[in-house]
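Undergrad: Quick one: this structure, given as structure tokens, is what I'll be asking you about.
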Amino acid sequence: MASSVQNNRVSSPGYCVCCRTCNMWCWRAFKWLPVLLIVSIITWSYYAYVIQLCIFTIESTVQQCIYLVLYHILLIMFAWSYWRTIFAEIKPIPETFKLPEAELEKLLSAETEDAQRSILDNYAKDLPIVTRTMSGSVRYCNRCVLIKPDRAHHCSICARCVLKMDHHCPWVNNCVCFFNYKFFMLFLGYALFYCIFIMATCLPYFIKFWKLVFQGDFGAAASAGRYHIVFAFFVALMFAISLGSLFGYHCYLVINNRTTLEAFRAPMFRGGADKNGFSIGAFNNFKEVFGNSPNLWLVPVFTSFGDGIVYPVPNEEEESESLLSSERWERWGERARPFDERESSSFDEL
Ligand SMILES: [Zn+2]
Ligand SMILES: [Zn+2]
103 MASSVQNNRV SSPGYCVCCR TCNMWCWRAF KWLPVLLIVS IITWSYYAYV
153 IQLCIFTIES TVQQCIYLVL YHILLIMFAW SYWRTIFAEI KPIPETFKLP
203 EAELEKLLSA ETEDAQRSIL DNYAKDLPIV TRTMSGSVRY CNRCVLIKPD
253 RAHHCSICAR CVLKMDHHCP WVNNCVCFFN YKFFMLFLGY ALFYCIFIMA
303 TCLPYFIKFW KLVFQGDFGA AASAGRYHIV FAFFVALMFA ISLGSLFGYH
353 CYLVINNRTT LEAFRAPMFR GGADKNGFSI GAFNNFKEVF GNSPNLWLVP
403 VFTSFGDGIV YPVPNEEEES ESLLSSERWE RWGERARPFD ERESSSFDEL
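Going from the sequence shown to our numbering is simple: count from 1 and add 102.
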């Protein structure tokens, strides 16, 4: 641990401030490219579907109206969820978890790992944490100089610790974490249905195109509009396959109350590693992300329980059969209320 507890203050590299600023802006612009690609594909799909299919190809007005209304509902929900995932405010770790200067000096001057460990343990004794490192000490980030709250991890791309970090997603140019996990799930779900809807409604025209090709009627098949519809079908199919598998995997994670990181490495508790350490029953796990109100489950507004810092864990003495999961929620009390509903930020409470 001695090597891991080192001062994060690094000396400035040997190039000028101007170059560093330029590099930083180039890197920031570069990180938006995947988002730009997704937005371009959505914009093109709008043209292919609305203009080429609904307006130029479909002749029945009733069919046009039904397709356009359903398409726009899906598009709005999809774009809204995507927007909220990208621009969710990732709140910093509360100040109480940061090591004060005096403690940091003590930590850096400690000579043995045991001494460092006891300094961290002593500082963390009043913090609401239950997870530990593999060696049993409190989890510490030497780059952010803080005790990591349960389920928080350091993101090397965001260059900071993030609460209930799932993974850093380049397609949303943001960390998927406590603050936007519900939005991310809805984004995957709506994007999947958007693709399935396009595939289902383009299918008859897709079949018609290939029939014309096989009949050798290339003239009728080769209009630009038909190419857009056929291409829209292929692109929707490709995205539906990848989104379907990703959405299915994240549904599994939600039901089991695991993050992607925890699925790869089980969280470590005082009693050892436990991949189900945060699981409080499938439906409660779902509610922890989507909230209590069924009316808002499918709406991209923040309804997740808690504050991202403290999570209910199954009580070891009272095994799952003897205590209903719903009762656990009640025991969790104040922290079970959604973040937005609290009168004051829980960051101030700690
Ligand atoms: Zn960190
Ligand atoms: Zn990140």
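Where a beta carbon is used, it is the ideal one built from N, C-alpha and C, also for glycine. For clarity, every value in this text was computed on a predicted model and none was experimentally measured.
List the whole-angstrom C-beta distance separating Ala302 from Tyr151, where the pair is believed to meet the contact cut-off of C-beta under 8 Å.
TA: No, Ala302 and Tyr151 are not in contact; Cβ-Cβ is about 12 Å, not under 8 Å.
Undergrad: Provide the residue(s) that pair with Tyr242 in DSSP beta bridges, ordered along the chain.
TA: In the DSSP output, where bridge partners are listed per residue, Tyr242 has Ile249.
Undergrad: Which value, in whole angstroms, describes the spacing of the CA atoms of Tyr329 and Val274?
TA: Cα to Cα, the separation comes out at about 29 Å.
Undergrad: With H, G and I counted as helix, E and B as strand and the rest as coil, what does DSSP make of Cys297?
TA: Helix at Cys297.
Undergrad: Pick helix, strand or coil for Phe189, following the three-state DSSP scheme.
TA: Note: Phe189 maps to helix in three-state DSSP.
Undergrad: Quick one: using the 10 Å Cβ neighbour count with 16 as the cut-off for buried, is Asn394 buried or exposed?
TA: Looking at its Cβ environment, which holds fewer than 16 other Cβ atoms inside 10 Å, Asn394 is exposed.
Undergrad: Would Cys246 and Arg262 qualify as a contact pair, given that the criterion is a beta-carbon distance under 8 Å?
TA: Contact: yes.
Undergrad: When the Cα of Tyr184 is compared with those of His269, Phe385, Leu170 and Gly291, which residue comes out closest?
TA: Residue Gly291 is the option with its Cα nearest to Tyr184.
Undergrad: Among the residues of its own chain, which have a CB less than 6 Å from the CB of Ala375, if the five just before and after it don't count?
TA: So the list reads Ala368, once near-sequence residues are dropped.
Undergrad: Compute every distance between the C-beta of Ile357 and the non-hydrogen atoms of ligand 2, then say whether any falls below 7 Å.
TA: Result no, Cβ not under 7 Å from ligand 2.
Undergrad: If you count every other CB in all the chains shown that lies within 10 Å of the CB of Arg241, and 16 or more means buried, which is it?
TA: Buried, because 16 or more other Cβ atoms sit within 10 Å of the Cβ of Arg241.
Undergrad: Between the C-alpha atoms of Lys377 and Asn358, what's the straight-line distance to the nearest angstrom?
TA: Lys377 and Asn358: Cα-Cα distance of roughly 9 Å.
Undergrad: Would you kindly work out how many angstroms separate the C-alpha atoms of Met287 and Pro416, rounded to a whole number?
TA: Cα to Cα, Met287 sits roughly 25 Å from Pro416.
Undergrad: In terms of residue numbering, what span does the alpha helix (DSSP H) encompassing Phe276 cover?
TA: Position check: residue 276 holds Asn in this sequence, whereas Phe was assumed. Note, Asn276: premise wrong, no alpha helix (DSSP H); beta strand (DSSP E) at Asn276 to Val278.
Undergrad: Would the beta-carbon of Leu363 fall within 8 Å of that of His270?
TA: No, the Cβ-Cβ distance between Leu363 and His270 is not below 8 Å.
Undergrad: Taking the beta strand (DSSP E) that Cys257 falls in, what are its first and last residues?
TA: Unbroken beta strand (DSSP E) run through Cys257: His255 to Cys257.
Undergrad: Between the Cα of Leu355 and those of Lys284, Met340, Ile411 and Glu205, spot the shortest distance and give me the residue it belongs to.
TA: Leu355 has its Cα closest to that of Lys284, out of Lys284, Met340, Ile411 and Glu205.
Undergrad: Please identify the residue among Met267, Ala212 and Glu203 whose C-alpha is closest to the C-alpha of Arg360.
TA: Selected option, being the one with the closest Cα: Met267.
Undergrad: Let me know the secondary structure DSSP gives Arg372 once reduced to three states.
TA: Three-state result, Arg372: coil.
Undergrad: Check Arg328 in the structure and name its three-state DSSP category.
TA: Here Arg328 sits in helix by DSSP.
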